[in-house]
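Chains as they are written, first to last, in my numbering: chain U, 1 to 347; chain X, 1 to 325; chain G, 1 to 498; chain L, 1 to 336.
All C-beta atoms in this analysis are idealised placements derived from N, C-alpha and C, irrespective of residue type, glycine included.
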Amino acid sequence: MTGPATTVAAPPEESPGGRSARSLVDLVFRARELSLVIALALLIAVTGAVNPNFLSGQGIEDILLNTAILALLAVGQSVVVITRNLDLSVGSVVGLVAFVTADVLASGWGLVPGVVFGVAIGAACGLLNGLLVSFCRVPALVVTLGTLYVIQGVDHYIAHGRQINAVDLPPALLSLGNGSVLGVPYLPLITLVFMLLIGYYLRSYPSGREFYAIGSSPEAARLAGVPVRRRVLTAYLVSGCLAGLAGVLWLARFGTVIGDSANGWELIVISAVVVGGVAITGGVGSVYGAALGALLLTTIGSALVVLRVNPFWQQAITGALLLLAISVDRVLAMRVARLLRNRSRHG
Amino acid sequence: MGGLSLMGRALRWDVLVASLLVAVFVAGSSTTPGFATTGNLSFALSDLGEIALIALAMTMLVVAAEVDLSVASVLGLSSALVGAMWEGGMAIETIIPLVVLVGAVCGLVNGLLVTRLGLPSLAVTIGTLALYRGLAYVVLGDKAIAQFPPGYVALAVDDVPGTPIPYPIALFILLAVIVGVVLHATGFGRSLYAIGAQEQVAFFAGVRVKRIKLLLFVVSGTVAAFAGVIFTLRYGSARADNGLGIELAVIAAVLLGGVDFDGGKGTLGGVIAGVLLIGLLRNLLMLGDVSTEIQSIVTGLLLIVSVLTPRLVSLIRPALKGTPP
Amino acid sequence: MAAPPTLALANVSKSFGAVRALRDVSIELFAGETHGLAGENGAGKSTLVKTLAGVHRPDSGQVLLGGEPVGFAGPADAQQAGVAVIYQEPTLFPDLSVAENIFMGRQPRRGLGRIDRRAMHARTRELFGRLGVALDPEQPSRGLSIADQQLVEIAKAISRDARVLIMDEPTAALSGHEVTRLFSVAEALREQGCALLFISHRLDEIFTLCQRVTTLRDGAWIASEPVEGLTHDDLIRRMVGREVATLFPKEEAAVGEVALKVERLTREGVFTDVSFEVRRGEIVALAGLVGAGRSEVARAVFGIDRWDAGSVTVDGVTLPAGSPTAAMNAGLALVPEDRRQQGLVMDLSIERNIGLTGLRELRRGPTISRRAERDRARDWALRLQLKFARLADGVGVLSGGNQQKVVLAKWLATEPSVLIVDEPTRGIDVGTKAEVHRLLSELAGQGIAVLMISSELPEVLGMADRVLVMHEGRLAAEIPRAEATEESVMSAATGRAA
Amino acid sequence: GGTTRSSVTAAPQEAPASSAAPSANPDAPLKEGIKLAFLPKQINNPYEVIVDEAGIEAAKEFKGEAKEVGPSDASASSQISYINTLTQQGHDAILIAANDANAVCGPLQQARAKGIKIVSYDSDAAPQCRDLFINQASSEEVGRSQVQLLAEMIDHKGEIAILSATANATNQNTWIEFMKEELAKPEYKDMKLVKVAYGDDDDQKSFTETQGLLQAYPDLKGIISPTTVGVSAAARYISGSKYKGKVVLTGLGTPNQMRQFVKDETVEKFALWNPKDLGYLASYAAAALVSGQITGAEGETFKAGKLGERTIGKNGEVILGPPFTFDASNIDQFDF
Ligand SMILES: Nc1ncnc2c1ncn2[C@@H]1O[C@H](COP(=O)(O)OP(=O)(O)OP(=O)(O)O)[C@@H](O)[C@H]1O
Ligand SMILES: Nc1ncnc2c1ncn2[C@@H]1O[C@H](COP(=O)(O)OP(=O)(O)OP(=O)(O)O)[C@@H](O)[C@H]1O
Ligand SMILES: [Mg+2]
Ligand SMILES: [Mg+2]
């Protein structure tokens with residue numbers, strides 16, 4: 001009756017099945033970021049080989065600069081997504097902040113007040129979303145789709161075909177956008193700082209873990225005494241502030257703004273988050289992944305141009321690569337899950 | 001929250017939207033000259049045609065807790081294909097079925113990625129949104145093809161004789177009835193709601209979850225492609241960027257109609273009311289020389305209010321206070 | 001006792017819309033005492049628990065902490081006050097590690113208030129040691145069997161070293177030796193001066209563990225009294241308000257030809273080489289320790305999971321792997337073990353849930369006949385004595401036991417020729433349990449083949465014509481009714497059998 | 001069998017509705033209280049707004065009333081909703097910068113059927129759907145002059161690229177056609193057009209497209225960007241990159257956008273017409289049409305206020321004038 005399986009029965013004290021299972025789990029989670037890094041490396045290597053310019057200082061700098069703003073937004077977005085919510089309004093917020101900040105700066109405000117003002121507006125938008133979602137408990141998607149339209153409308157209303165040019169802006173701001181320390185431009189540095197701060201907080205602080213708890217099971221979180229509303233509100237606040245900051249950086253970077261900066265970026269940001277391995281269903285993923293996702297998407301974009309791909313093919317290829325990324329990620333995860341199952345028995 | 005209040009909410013929700021619709025119509029016809037004219041209404045309707053059609057398929061998807069963001073791109077791709085083939089001298093009678101077939105394939109791809117790989121449809125269709133739009137550009141590039149056969153253009157533009165109803169809308173009404181029955185009265189519909197609310201339970205109950213989802217995506221792709229044909233004929237211009245970004249308009253209409261994005265809740269009546277409300281309100285605001293900016297603000301507020309009101313109502317309705325929030 | 005009760009309810013009432021879950025109920029939990037709570041399904045036990053835990057606010061009456069009235073604004077407040085709760089339905093975070101599930105919000109800290117993971121995992125291991133659980137603290141809780149989930153819940157509760165420990169049917173999912181482990185832990189806590197509230201439908205558990213017991217009936221307080229001097233029948237009478245037929249009335253039924261034939265069924269890493277037959281009119285029990293793979297076998301047979309090798313035959317029809325639809329068409333029915341994830345669509349109404357398994361039968365022309373749907377639901381609701389207000393109500397608001405009845409109804413309505421029931425009486429009160437058992441044997445009498453997975457030995461021994469025992473994913477023994485005893489089954493289940 | 005392109009184009013085009021209109025009366029006075037509506041490609045495109053506002057000003061001169069309405073996205077479909085609305089509101093004339101020459105055709109025909117005059121400006125609609133097209137400059141002249149401008153700055157040698165707006169922009173594509181024709185001439189044999197990139201008239205996209213161009217084609221000598229959004233974005237990138245001074249940029253831009261880059265010598269020369277005059281002329285042309293001074297037939301003339309007498313060219317085009325070239329010497333005289 002008894003076969004080999006019974007002979008490897010694990011004594012309850014320690015379970016080798018569990019051990020190897022865990023190391024495998026870790027591997028999947030690391031693999032999410034890992035696979036991104038590898039994909040990125042390959043892409044850069046190939047492109048660089050074809051066209052060395054791609055790896056020139058200028059080339060690298062451009063990619064970093066292009067990524068900075070998207071990554072910042074992706075970081076904010078992923079905090080929201082981790083709580084099993086969504087913020088579709090980020091694109092509009094960037095647009096609004098970029099223009100309004102430009103407006104006040106052009107009208108003679110100092111740099112610091114202007115920047116603070118911009119971030120404050122972003123925060124206000126985030127607060128609005130957060131209050132509606134967490135306290136009125138209305139579906140995040142509907143609310144933020146609504147605020148997307150409202151904020152965009154307000155932005156266009158204020159801008160109404162006006163354009164604010166670099167000449168009208170304080171040089172300090174522009175040098176923030178294009179200047180650098182030790183050859184590393186400011187923008188990516190700023191993004192990096194926020195990414196590390198938020199990432200570390202989410203991983204290493206009890207309140208940070210609660211964001212994951214909420215996304216993993218809101219009901220259970222409530223019963224566990226997690227202040228769900230406050231955390232969700234915070235998530236939107238963070239996303240809003242970062243969107244605001246992104247708006248300011250946008251202005252610093254591009255110097256010229258009209259009403260429709262970052263128009264329609266919401267989907268790009270979400271793509272970055274998803275490619276970065278943050279589960280759209282909440283509870284899984286990291287801001288590092290999201291930022292990497294942003295980097296990957298931008299790099300693909302630039303690489304295709306550098307590889308002289310027919311512009312009409314670029315979008316298609318980007319889409320295909322996005323699908324490839326998430327599919328590979330998924331297949332990998334399924335493989336490991338299967339392994340896990342077997343180990344959990346014949347550890 | 002208990003099922004009671006949830007179902008109650010959904011009910012009050014689409015009733016609310018429907019009554020808003022009536023209000024807008026009455027207000028419009030009394031205050032704004034030229035609004036209630038058949039000419040204007042029939043245009044306002046045909047202007048909604050594609051969105052309304054796609055919303056039908058989208059409703060079923062969202063009820064089953066999935067979503068298809070690639071519809072606008074499929075529409076664009078089909079438009080581009082129509083253009084390319086037409087320019088290539090093919091007969092429109094062969095082009096249309098071909099294009100619709102391609103749409104079905106696009107849907108199939110979405111469906112396979114979602115059901116076979118178990119990827120979240122939001123992620124997948126964001127990807128295909130880029131892919132299909134890209135293919136549209138690959139097909140037609142920067143060209144804009146025109147001069148489609150007047151007979152067919154008329155089918156996309158003209159009203160059904162003796163009515164203010166354009167042919168596309170007539171088609172929509174027909175399909176709406178069918179979808180309505182399927183969703184609310186058939187076993188298939190029942191399984192959709194079950195899948196949306198608790199997929200695993202549906203699976204345990206012998207519902208062919210994957211097959212059904214696959215079917216839904218194929219339908220969505222097909223409808224989107226057909227909408228693309230209508231779009232192309234209606235504007236008499238085939239371009240790769242046709243219908244850019246209308247996926248959000250469709251989603252907005254569906255959500256406004258009270259369909260819960262988490263699946264398992266919502267009625268088709270609500271969605272139809274939602275589509276009409278957005279369309280008529282926009283038309284009304286335009287006639288009243290309200291600028292685009294204000295229009296989009298209104299649309300947004302509408303969305304928020306439509307979900308907020310029932311919530312606030314249910315929060316203050318003592319009968320419904322269950323577990324404290 | 002002079003000292004005021006650690007935690008108490010005074011004349012508490014609580015209604016949900018029309019349903020009056022608690023009417024003027026009082027209960028006192030004293031330090032160093034384990035208090036039992038008995039009552040039929042829907043009697044209001046869980047509601048009482050949730051009121052003590054601050055999940056529900058009482059409509060009237062008070063919650064008293066150390067004699068002082070308190071108003072818990074939410075679960076957080078209650079936890080602050082030292083109240084730890086094991087809810088009836090496991091409430092875990094599937095994506096987080098087992099350890100994080102246990103310490104969420106109370107993680108051990110190191111410098112700058114950061115989480116000290118090492119300490120957290122160490123303490124988790126130590127907890128699992130006390131409970132004798134073989135789980136890895138760092139594995140995600142997704143995919144844990146319902147029993148493993150329950151064990152994590154227990155670990156979570158006792159980790160709070162609280163003044164009050166409330167356990168709402170903690171043993172429902174557990175079998176033999178986890179229960180004993182749990183009890184010893186509970187005893188220890190009680191001796192340390194903790195006040196415990198214990199809910200179970202297994203009355204003998206109440207008699208072994210508790211000093212006092214309170215009985216509820218239809219939300220009303222019936223009695224609070226010392227356990228000693230109390231007999232099973234007294235307690236049952238208080239709960240049900242009437243005499244209840246003796247349990248486990250399995251009559252002999254004519255055993256017919258083989259209805260379900262499982263041959264060398266294997267699912268990599270879960271179970272291996274499982275072969276057995278179930279004949280018409282037979283009730284075959286599938287026993288074993290938690291995690292032995294019983295539910296997995298059931299899932300595979302019904303086509304939920306694919307099997308890697310072997311075959312399943314129903315009435316001579318060989319089933320394809322991984323197709324519940326095919327299984328259903330062949331006349332197979334599975335009442336799953338986890339009613340929230342697998343059994344019921346919580347948002348849908350009772351009738352819709354029961355109708356879900358009969359979408360084809362309910363068709364009139366292309367559409368579903370609502371009358372047929374309603375009749376089907378009403379018919380079975382009555383036969384199972386379901387406690388409900390309206391068939392159109394969401395099942396989400398039903399009590400645990402009543403939900404289980406809906407699941408049973410949903411599957412019995414398909415009039416299967418082979419019925420697999422996984423923990424069919426989990427969380428079901430004595431009265432109903434007797435009813436379910438009567439039902440099962442009645443079905444067997446009608447020539448249906450029944451395969452019953454149960455972690456409750458008395459149930460197994462009482463109901464089964466044959467007992468299959470699983471151990472570590474293999475069939476360890478097949479014991480005919482005559483030779484089936486606690487010892488023979490347990491020794492096979494723990495792998496001590498030859 | 002079936003309906004194919006050939007079988008349709010074989011059929012005669014339906015004649016423009018206006019062909020039935022009565023002949024022109026050049027001496028008819030400009031009517032008062034004429035209602036004009038400007039329908040730009042997109043209401044938050046600064047260039048379009050400059051044009052329209054000038055037009056609205058002009059309308060005041062002849063006591064007409066004019067307004068600007070339009071979509072926030074440069075798509076044909078949303079423009080069409082507006083055409084319909086304007087038709088319902090019964091204006092005397094609609095002035096449109098078409099996002100798609102053909103897509104707007106049907107609705108415009110309907111408008112004309114109701115006696116509304118259609119004047120297209122900046123970007124033309126299909127000729128049979130409008131009465132007049134106010135062309136900022138002859139497309140041929142724009143296309144060729146852009147090439148000549150660049151050629152003399154890079155003395156007819158090296159790789160060049162074009163940074164356009166959207167892939168479907170009609171005016172852009174006609175210009176690019178003429179540029180290619182011009183480049184085909186022998187004197188440009190050493191110049192090679194390596195790429196046409198699309199910035200979608202989106203500042204940020206044009207900016208990154210420029211980056212791409214410069215990386216993909218290290219030997220690039222010059223860029224032509226015949227769109228105000230594109231040229232300023234490109235200028236901004238180059239001014240801040242190592243390519244400044246190595247790559248020559250020209251195109252069509254507004255002085256206010258380009259001033260700083262002319263001053264910091266990123267850009268030497270660029271061209272444009274006066275957008276205000278464009279709006280002004282369009283406004284007067286519409287008034288003339290409504291007043292019956294002209295019908296849109298070739299050879300007819302009308303007085304366009306301070307711009308003096310203008311003559312309608314072949315297939316209903318009125319040309320504003322040759323594009324004007326801006327450089328460090330003259331840029332400060334302009335403010336738009
Ligand atoms: N959130 C709720 N909304 C509406 N009714 C509810 C809710 N929770 C419980 N009820 C109702 O209150 C009554 C008591 O439910 P409760 O869960 O307390 O019973 P119970 O004693 O725990 O039963 P069981 O032993 O089956 O768990 C039941 O009729 C149930 O339907
Ligand atoms: N849904 C699931 N996903 C992944 N693994 C599971 C799942 N359910 C159970 N398991 C694992 O499979 C093994 C067998 O679980 P199963 O539930 O079949 O045990 P069992 O004998 O039925 O005990 P019980 O039913 O009392 O929990 C356990 O180790 C459990 O952790
Ligand atoms: Mg209970
Ligand atoms: Mg089990």
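(message) Rounded to whole angstroms, what is the Cα-Cα separation between L308/X and L132/U?
(response) Going from the Cα of L308/X to the Cα of L132/U covers about 8 Å.
(message) For the alpha helix (DSSP H) containing F302/G, name the first residue and the last one.
(response) Element bounds for F302/G: 294 to 302.
(message) Pairs of beta-carbons, one from the segment 282 to 290 of chain U and one from the segment 84 to 98 of chain G, closer than 8 Å: are there three or more?
(response) The segment 282 to 290 of chain U vs the segment 84 to 98 of chain G: in contact.
(request) Classify G18/U as helix, strand or coil using the three-state DSSP reduction. (result) Unreliable positioning characterises G18/U in this predicted model, as indicated by a pLDDT of 47, which lies under 50. A coordinate reading is not provided.
(message) So V138/U contacts chain X; which residues on that side make the cut at Cβ distance below 7 Å?
(response) Contact note: V138/U reaches chain X through V307, L308, R311, using a C-beta cutoff of 7 Å and chain order.
(request) Would you tell me roughly how many angstroms separate the C-alpha atoms of V257/U and I151/U, rounded to the nearest one? (result) Taking the straight line from one Cα to the other gives about 16 Å.
(message) By the three-class DSSP mapping on this structure, what secondary structure does F72/G have?
(response) The answer is coil: DSSP assigns F72/G none of H, G, I, E or B.
(request) Say whether chain X places a C-beta atom closer than 8 Å to the C-beta of M346/G. (result) Yes, M346/G counts as interfacial toward chain X.
(message) Whether or not the segment 264 to 280 of chain L and the segment 325 to 334 of chain L are in contact is what I'm after, with contact meaning three or more pairs of Cβ atoms, one per stretch, closer than 8 Å; do they touch?
(response) Judged by Cβ distances under 8 Å, the segment 325 to 334 of chain L makes contact with the segment 264 to 280 of chain L, as three or more pairs qualify.
(request) Find out if the Cβ-Cβ distance for the pair A259/G, S441/G is shorter than 8 Å. (result) Taking 8 Å as the Cβ cut-off, A259/G and S441/G do not qualify as a contacting pair.
(message) Assuming E228/G and V213/G are in contact, meaning their beta carbons sit under 8 Å apart, how far apart are those beta carbons, in whole angstroms?
(response) So it is not a contact: roughly 10 Å between Cβ atoms.
(request) Within 10 angstroms of the Cβ of I43/L, are there 16 or more other Cβ atoms? Answer buried if so, exposed if not. (result) By the neighbour-count rule (16 or more Cβ atoms within 10 Å), I43/L is buried.
(message) Is Q149/G near ligand 1 - that is, is its Cβ less than 7 Å away from at least one heavy atom of it?
(response) No, the beta carbon of Q149/G sits no closer than 7 Å to any heavy atom of ligand 1.
(request) Identify the contact partners of I92/X in chain L, using a Cβ-Cβ distance below 8 Å as the criterion. (result) Here the neighbours are G2, T3, T4.
(request) Provide the residue(s) that pair with N45/L in DSSP beta bridges, ordered along the chain. (result) For N45/L, which the question treats as bridged, DSSP gives no partner whatsoever.
(request) Taking 8 Å as the threshold, find out whether the segment 6 to 18 of chain G comes into contact with the segment 167 to 177 of chain U through three or more Cβ pairs. (result) The segment 6 to 18 of chain G and the segment 167 to 177 of chain U do not touch, with fewer than 3 CB-CB distances between them shorter than 8 Å.
(message) Just to confirm, is the Cβ distance from R123/G to P140/G under 8 Å?
(response) Here R123/G is not near P140/G, since their CB atoms are 8 Å or more apart.
(message) Below 8 Å on the Cβ atoms is my contact criterion, and I expect I289/L with L132/L to pass it. Report the Cβ-Cβ distance as a whole number of Å.
(response) The identity of residue 289/L in the sequence shown is Leu, whereas the question assumes Ile. Yes, they are in contact, since the Cβ atoms of L289/L and L132/L sit about 7 Å apart, within 8 Å.
(message) To the nearest angstrom, how far is the alpha carbon of N254/U from that of V226/U?
(response) Looking at the sequence provided, one finds Phe at residue 254/U rather than Asn. Just so you know, the alpha carbons of F254/U and V226/U end up roughly 42 Å apart.
(request) Taking the CB atoms as reference points, tell me whether L278/L and Y121/L lie closer together than 8 Å. (result) Contact flag set, yes.
(request) Classify K189/L as buried or exposed, calling it buried when 16 or more other Cβ atoms lie within 10 Å of its own Cβ. (result) Classification of K189/L: exposed, given that the 10 Å Cβ count is below 16.
(message) As a quick exercise: from Q211/L, I312/L, E32/L, L320/L, pick the residue whose alpha carbon is nearest that of D62/U.
(response) Distance from the Cα of D62/U is smallest, within the candidate group Q211/L, I312/L, E32/L, L320/L, for Q211/L.
(request) Compare the C-alpha of E235/X against each of E298/L, K185/L, N84/L and name the closest. (result) According to the sequence shown, residue 235/X is Tyr rather than Glu. Measuring C-alpha to C-alpha distances from Y235/X to each of E298/L, K185/L, N84/L identifies N84/L as the nearest.
(message) So if I threshold CB-CB distances at 7 Å, which residues from the segment 289 to 316 of chain U count as touching chain L?
(response) Within the segment 289 to 316 of chain U, the residues whose Cβ lies closer than 7 Å to some Cβ of chain L are S302, V305, V306, R308, P311, listed in chain order.
(request) Determine the DSSP secondary structure at R330/U, reduced to helix, strand or coil. (result) Note: R330/U maps to helix in three-state DSSP.
(request) Report the neighbours of Y280/L on chain U: residues whose CB is nearer than 8 Å to its CB, in chain order. (result) Those within 8 Å of Y280/L in chain U number zero; the least Cβ separation is about 18 Å.
(request) Compare the C-beta of A21/L against all C-beta atoms of chain X and say whether one is closer than 8 Å. (result) The predicted position of A21/L is uncertain, since its pLDDT is 49 and thus under 50; no value can be drawn from it.
(request) Please name the residue or residues paired with I224/L in a DSSP beta bridge. (result) Residue pairing of I224/L in beta bridges, as defined by DSSP: I162/L, T250/L.
(request) Name, going along the chain, the residues of the segment 306 to 333 of chain L whose beta-carbon falls closer than 7 Å to a beta-carbon of chain X. (result) Here the close residues number zero.
(message) For a cutoff of 8 Å on Cβ pairs, would you count V49/L as touching chain U?
(response) For V49/L, the closest Cβ of chain U is nearer than 8 Å.
(request) Scan the segment 150 to 219 of chain X and note each continuous alpha helix (DSSP H) run of 4 residues or more that stays entirely inside, going in chain order. (result) Fully enclosed alpha helix (DSSP H) runs of 4 or longer: 150 to 157, 167 to 185, 187 to 197, 199 to 204.
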